Amino acid sequence: MNINTFFDEMRTSTGSVRRLYQPFSEWLSGTDHAQLMQKSREAEMLFRRVGITFNVYGDEAGAERLIPFDVVPRILAATEWRVLSAGVIQRVTALNAFLNDLYHDQEIIKAGIVPASILENEMYRPEMQGVDVPGGIYAHIAGVDIVRTAENEFYVLEDNLRTPSGVSYMLEDRKMMMRLFPELFRRYAVAPVEHYPQVLLNNLRAVAQPGVYDPTVVLLTPGAYNSAYFEHAFLAQQMGIELVEGQDLFCKDNAVFMRTTEGPKRIDVIYRRIDDDFLDPLSFREDSMLGVPGLVSVYRNGGVTLANAIGTGVADDKATYTYVPDMVRFYLGEEPILSNVPTYKLENSDDLKYVLEHLEELVVKEVQGSGGYGMLVGPTSSKQQIEEFRARILAEPDNYIAQPTLALSTCPTLVEQGVAPRHVDLRPFVLSGKSTTLVPGGLCRVAMREGSLVVNSSQGGGTKDTWVLTGDAPC
1 MNINTFFDEM
11 RTSTGSVRRL
21 YQPFSEWLSG
31 TDHAQLMQKS
41 REAEMLFRRV
51 GITFNVYGDE
61 AGAERLIPFD
71 VVPRILAATE
81 WRVLSAGVIQ
91 RVTALNAFLN
101 DLYHDQEIIK
111 AGIVPASILE
121 NEMYRPEMQG
131 VDVPGGIYAH
141 IAGVDIVRTA
151 ENEFYVLEDN
161 LRTPSGVSYM
171 LEDRKMMMRL
181 FPELFRRYAV
191 APVEHYPQVL
201 LNNLRAVAQP
211 GVYDPTVVLL
221 TPGAYNSAYF
231 EHAFLAQQMG
241 IELVEGQDLF
251 CKDNAVFMRT
261 TEGPKRIDVI
271 YRRIDDDFLD
281 PLSFREDSML
291 GVPGLVSVYR
301 NGGVTLANAI
311 GTGVADDKAT
321 YTYVPDMVRF
331 YLGEEPILSN
341 VPTYKLENSD
351 DLKYVLEHLE
361 ELVVKEVQGS
371 GGYGMLVGPT
381 SSKQQIEEFR
391 ARILAEPDNY
401 IAQPTLALST
411 CPTLVEQGVA
421 PRHVDLRPFV
431 LSGKSTTLVP
441 GGLCRVAMRE
451 GSLVVNSSQG
461 GGTKDTWVLT
471 GDAPC
């Protein structure tokens with residue numbers, strides 16, 4: 001696979017620097033590579049000091065890693081951002097409408113657009129059927145993964161509607177860049193992102209149950225051993241709300257209370273970073289020590305708001321993903337602004353046959369997989385890996401979807417040999433409350449290894465700051 005065949009966001013096919021990156025290129029030409037490497041080491045030291053690490057699952061369970069941080073920013077023009085922003089807002093609006101419909105009248109199933117078999121999805125929660133949530137909003141925080149394949153060509157790779165993570169890196173990466181390279185910011189008019197915690201808090205307060213005028217919001221975490229615990233603590237601190245664990249809360253008289261030194265305090269909105277299965281041992285997993293007994297009953301009866309709502313996972317399942325463009329048309333009466341990646345559903349015999357014959361060309365994913373686990377990237381896999389994955393597919397074809405290997409765009413990235421192109425994606429965070437909004441930026445993930453298309457941090461990927469310009473040209 002030749003990395004030079006991919007769309008380079010900094011350089012044209014003739015090697016000239018695109019207008020957007022010209023001030024950066026001029027700055028880079030006057031900056032010593034050793035100085036950049038020193039700045040990179042300084043960033044790593046500062047991130048370690050702050051404790052920005054994540055825990056690894058799988059073969060290295062229990063290990064803590066620092067996600068590599070690249071000191072070269074990704075730069076997007078205002079016009080590009082306007083398209084992306086409108087596209088993800090449209091998409092999340094449709095997904096919220098779908099969830100509200102699925103758990104009520106199921107009109108989209110009656111219309112034959114989404115099959116009734118979706119009710120057999122293990123992420124569908126019958127406990128939510130008929131439950132009204134404030135504003136009809138289920139996914140209050142959504143992370144939409146976007147890839148670029150050409151100058152004006154963007155695709156949605158997947159939707160994250162359960163407990164999307166990574167926004168702390170958007171915020172901390174920006175702070176780090178401003179600390180390390182203040183002179184570079186003088187060359188660009190970069191839109192700010194630091195107001196994200198306040199926007200999030202305002203949205204969470206806006207979805208309190210009717211009649212609550214000064215809502216108390218908490219962030220519910222599984223605890224310090226969770227891979228995203230740093231982010232939980234960081235966001236709670238930034239919003240000025242309490243970070244709580246299940247043992248800090250209890251339910252009584254159709255309400256949720258927090259234990260404090262001054263006595264019980266009623267909680268109105270819970271920003272939960274715990275998966276559905278572990279939220280309430282009385283409703284889901286009986287062995288869960290992370291949740292709050294009775295929470296689902298209080299929630300169903302309108303005594304508290306959960307963000308995100310229980311049951312949102314059915315909408316970000318990779319099999320459901322294929323229906324999102326039709327959801328946009330059905331609920332909004334609009335054409336999708338952002339396209340899906342063409343997807344093969346292996347429950348379909350024709351799709352299964354094609355995929356099995358072309359495994360070496362495709363990316364195959366578990367429908368409920370995440371973090372880069374449970375997937376096959378055909379062009380970069382060995383024959384043995386492909387054959388092992390073939391056996392897994394044949395055992396459970398319904399558990400997989402497949403997509404063509406996309407030509408992800410590249411951005412300049414600092415490596416040992418200098419600055420070189422590496423593949424990237426982008427996860428903007430869409431916030432839904434009284435309105436649906438997002439701050440101009442997101443989690444930009446970069447595949448640090450040359451030629452690699454896997455950007456997930458759990459698979460060795462890094463992050464970089466995304467600069468959305470306030471205009472279509474540098475200062």
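Every letter in the sequence shown is one number past the one before it in UniProt numbering, and letter 81, counting from 1, is 81. Just so it is clear, CB atoms sit at the ideal spot from N, CA and C, and this is done for glycine as well. Values in this document were obtained by computation on a predicted structure and should not be read as measured data.
Beta-carbon separation (whole angstroms), residue i vs residue j, contact threshold 8 Å
i           : j           : result
residue 71  : residue 414 : 6 Å
residue 405 : residue 341 : With 8 Å as the limit, residue 405 and residue 341 do not qualify as a contact, their Cβ atoms being about 10 Å apart.
residue 359 : residue 386 : 5 Å
residue 468 : residue 184 : Going by Cβ atoms, the distance from residue 468 to residue 184 rounds to 15 Å, so no, they are not a contact pair.
residue 347 : residue 398 : 4 Å
residue 180 : residue 43  : 6 Å
residue 292 : residue 249 : 5 Å
residue 155 : residue 128 : Actually they are not in contact, since the Cβ atoms of residue 155 and residue 128 sit about 30 Å apart, beyond 8 Å.
residue 308 : residue 196 : So it is not a contact: roughly 17 Å between Cβ atoms.
residue 330 : residue 108 : 6 Å
Residue i vs residue j beta-carbon contact at 9 Å
i           : j           : result
residue 300 : residue 131 : yes
residue 465 : residue 37  : no
residue 323 : residue 89  : no
residue 463 : residue 8   : no
residue 166 : residue 122 : no
residue 204 : residue 140 : yes
residue 134 : residue 208 : yes
residue 239 : residue 201 : yes
residue 332 : residue 111 : no
residue 193 : residue 474 : no
residue 314 : residue 256 : no
residue 438 : residue 425 : no
residue 377 : residue 453 : yes
residue 310 : residue 298 : no
residue 445 : residue 456 : yes
residue 251 : residue 211 : no
residue 389 : residue 187 : no
Burial state of residue i, where buried means 16 or more other Cβ atoms lie within 10 Å
i           : result
residue 91  : buried
residue 15  : exposed
residue 125 : buried
residue 237 : exposed
residue 447 : buried
residue 422 : buried
residue 261 : exposed
residue 312 : buried
residue 224 : exposed
residue 353 : exposed
residue 279 : buried
residue 50  : exposed
residue 152 : exposed
residue 394 : exposed
residue 12  : exposed
residue 61  : For residue 61, the pLDDT reaches just 47, beneath the cut-off of 50, and the residue's location in the model is therefore unreliable, although a value from the coordinates is still provided. Result: exposed.
residue 416 : exposed
residue 68  : buried
residue 213 : exposed
residue 198 : exposed
residue 93  : buried
residue 52  : buried
residue 443 : buried
residue 402 : buried
residue 476 : An answer regarding residue 476 cannot be provided, because it is not within the stretch 1 to 475 covered by the chain.
residue 436 : buried
residue 375 : buried
residue 164 : buried
residue 221 : buried
residue 345 : buried
Residue i: CB within 8 Å of a non-hydrogen atom of the ligand ATP
i          : result
residue 33 : By its list of ligands, the structure shown contains no ligand whatsoever, and the ligand ATP lies outside what it can speak to.
Bridge partner(s) assigned by DSSP for residue i
i           : result
residue 403 : 363
residue 21  : Bridge partners of residue 21: none, in fact.
residue 299 : For residue 299, which the question treats as bridged, DSSP gives no partner whatsoever.
residue 174 : Answer is none; residue 174 lacks a bridge partner.
residue 76  : 468
residue 265 : 258
residue 326 : Per DSSP, none; premise fails for residue 326.
residue 345 : 401
residue 339 : 155
residue 242 : 218
Check your understanding: Taking one C-beta from the region 128-146 and one from the region 160-175 each time, how about it: are there three or more such pairs within less than 8 Å?
Key -> yes
Review point. At a cut of 8 Å, does the region 76-92 reach the region 427-434 through at least three beta carbon pairs?
Key: yes
Point to revise | Three or more C-beta pairs below 8 Å linking the region 282-297 and the region 311-319 | key: no
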